[in-house]
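A.B. asks: Residue numbers (this note's numbering): 380 to 781.
All residues carry an ideal CB built from backbone N, CA and C; glycine is no exception.
It should be emphasised that the depicted structure is a prediction, and the values quoted were computed from it without experimental measurement.
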Amino acid sequence: MHRRALLMTAAAAALSACASQDQGARAHAAAASPHDFAAALYRQLAAHAGNQFVSPYSVSAAFALVYPGARGQTAAEIAGVLGYSSSSSTATAEARALADALQAQTGGSTFTLANAAWVERTLVLSPDYARAVRDELGATIEPVDFIANQPAALARINAWAGEATRGRIPQVLTTPDESRRLVLTNAVHFLGRWSAPFSARATRDGVFHADGADTPARLMRQTTQARYFDNETLQAAEFDYDDGAFALAVLLPREVVGLARFERDLSGDQLGRWLQTLTEAAPQRLDVTLPKLEIRGDYELSGPLQAMGMRAAFTNAADFSGITEAQALAISAVVHKTFLKIDEDGAEAAAVTAIDMVATAAPIRPPALPIEFKADRPFAIVLLHKPTGAILFMGRIVTTAA
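1. Going by Cα to Cα distance, which pick from Glu673, Ala454 and Ile750 is closest to Phe693?
2. Under the assumption that Met736 contacts Ile710 (Cβ atoms under 8 Å), give the Cβ distance between them as a whole number of angstroms.
3. For the region 455-527, list the beta strand (DSSP E) runs that are entirely contained and at least 3 residues long, ordered along the chain.
4. What's the C-alpha gap between Arg744 and Leu657?
5. Thinking C-beta only, is Val498 closer than 8 Å to Leu561?
6. What is the rounded straight-line gap between the Cα of Ala592 and the Cα of Pro670?
7. Enumerate, from N- to C-terminal direction, the unbroken alpha helix (DSSP H) stretches of 4 or more residues contained entirely within the region 653-693.
8. Taking contact to mean at least 3 C-beta pairs separated by less than 8 Å, is the region 621-637 in contact with the region 748-758?
9. Arg559 to Ala738, Cα distance in whole Å?
10. Go through the region 704-733 residue by residue and report every complete run of the beta strand (DSSP E) that reaches 3 residues or more, in order.
11. Taking 7 Å as the limit between beta carbons, can you name the residues of its chain near Pro522, skipping five residues before and five after?
12. First and last residue of the alpha helix (DSSP H) that includes Gly637?
13. What does DSSP give as the partner residue(s) for Phe758 in the beta ladder?
14. To the nearest angstrom, how far is it from the Cα of Leu502 to the Cα of Gly448?
15. Relative to the C-alpha of Ala493, which residue among Thr582, Ala605, Arg513 and Ala581 is closest?
16. Give a yes or no on whether the C-beta atoms belonging to Val460 and Gly688 are separated by under 8 Å.
17. Check Gln431 in the structure and name its three-state DSSP category.
18. Among residues of its own chain, excluding the 5 on either side of Arg606, which ones have a beta-carbon nearer than 6 Å to its beta-carbon?
19. Report all residues from its chain with a CB closer than 6 Å to the CB of Ala730; omit the five preceding and five following residues, and keep chain order.
20. Based on Cα-Cα distance, which residue from Pro632, Thr668 and Leu563 lies nearest to Leu516?
21. Taking Thr602 and Asp644 to be in contact with their CB atoms under 8 Å, please state how far apart those CB atoms are, rounded to whole angstroms.
22. Under the DSSP definition of a beta bridge, which residues are partnered with Lys753?
23. Cα-Cα, which of Asp677, Leu654 and Gly701 is closest to Phe625?
24. What's the gap between the Cα of Glu704 and the Cα of Ile526?
25. Work out the CA separation of Pro595 and Thr779 for me, nearest whole Å.
26. Kindly indicate which residue of Ala579, Trp539 and Asn528 has the alpha-carbon position closest to the one of Asp556.
27. Only counting the same chain, and skipping five residues up and downstream in sequence, which positions put a Cβ closer than 7 Å to that of Pro766?
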């Protein structure tokens with residue numbers, strides 16, 4: 380009797396270990412390809428002036444809700460841009476495994492996400508599609524009246540966004556559209572305390588040096604241990620949050636005007652190599668200067684996504700027949716809003732992505748002294764989940780002006 384119980388326990392443990400390893404592999408698969416997507420999206424937005432801050436993860440997670448219902452060329456282009464598997468079921472399993480891994484942390488940092496499908500109450504979803512987004516991707520399916528009472532529907536969506544981001548993004552959709560039939564939303568929120576917090580007493584007024592436009596800044600400073608590497612054009616450091624699973628990578632060109640070159644040469648492979656080098660680097664003693672920040676981003680990503688190769692989904696030729704056969708649908712807008720706050724204690728970041736779908740007419744060795752890492756000039760940042768390599772947020776800081 381005891382031997383049988385022990386055998387059953389051992390078998391269960393073995394199965395659990397195999398399942399855990401399989402889930403981990405799926406999570407890594409889902410996180411690897413998005414390095415290309417993150418770099419490509421960053422390059423698209425870098426063409427515009429000012430600070431940029433996006434969540435490649437949130438955009439990808441929102442499109443994971445679309446992908447099970449896409450067919451033909453529409454599906455192929457979505458997969459090509461986002462780096463999904465050509466198999467919808469595999470892509471869905473990878474997305475779920477990554478979401479579970481991101482939320483499985485038990486330390487002081489928290490990463491939460493929410494998915495929802497806001498469906499015009501007269502629109503009948505395919506049972507297979509509804510099962511995929513609800514049961515496999517954890518989305519709530521919310522019937523709303525887009526036709527007769529759209530203001531109330533938008534109010535519900537905005538209230539959901541505010542709650543999911545702890546009030547940081549209280550509004551995502553504001554413009555009525557009489558052809559709106561389905562809105563697919565993802566919201567993410569991160570809150571983390573530095574493993575080595577800055578002292579507020581050491582924060583001083585200073586200057587952030589941009590190309591021809593210096594701005595006043597509150598500069599935090601400390602001497603600490605952090606993973607670091609450099610080359611002839613770049614310094615890079617990775618600052619852990621208190622649970623060790625999440626970190627902020629700061630990629631600091633050596634020259635004030637060096638960010639433009641960095642952005643021109645950026646690729647998914649290069650970004651992946653830098654982040655991997657940082658993760659594997661031994662901690663070094665750094666004299667760190669970082670600006671306190673609070674910034675917001677507001678983007679409509681249809682143009683950038685089409686420029687990256689996702690074209691059919693935005694036209695009357697879109698094929699989303701896997702979502703519903705009762706009405707031809709196309710994507711009219713991809714609204715993406717973000718928030719970032721960095722201070723002496725840590726960082727808070729949030730994002731909401733809303734995919735608006737409308738009815739269509741047709742279907743190194745450490746030195747003796749601390750290395751100066753003074754981020755008082757334009758730099759790029761990546762907030763990542765180290766166990767999976769997932770890029771949760773990415774952006775650039777070119778000014779500290781409000």
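C.D. replies: In brief:
1. Ala454
2. 6 Å
3. You should have 489-499 and 519-523.
4. At Arg744, the pLDDT of 42 sits below 50, so the modelled position is not reliable and the matter cannot be decided from this model.
5. yes
6. 16 Å
7. Taken in chain order, the whole alpha helix (DSSP H) runs of length 4 or more contained in the region 653-693 are 681-686.
8. yes
9. Roughly 6 Å separates the two Cα atoms.
10. 708-721
11. Val498 and Arg500
12. Gly637 to Asp644
13. Ile776
14. 14 Å
15. Arg513
16. Their beta carbons are under 8 Å apart, which means Val460 touches Gly688 by this criterion.
17. strand
18. Glu617, Leu657, Ala660 and Pro662
19. Ser434, Ser437, Val567 and Thr717
20. Leu563
21. Wrong, their Cβ atoms sit about 31 Å apart, outside the cutoff.
22. Assignment of beta-bridge partners to Lys753 by DSSP yields Thr668.
23. For the options Asp677, Leu654 and Gly701, the alpha carbon positioned closest to that of Phe625 is the one of Leu654.
24. Straight-line Cα distance between these residues: approximately 19 Å.
25. 7 Å
26. Asn528
27. Contacts found: Ala480 and Ala624.
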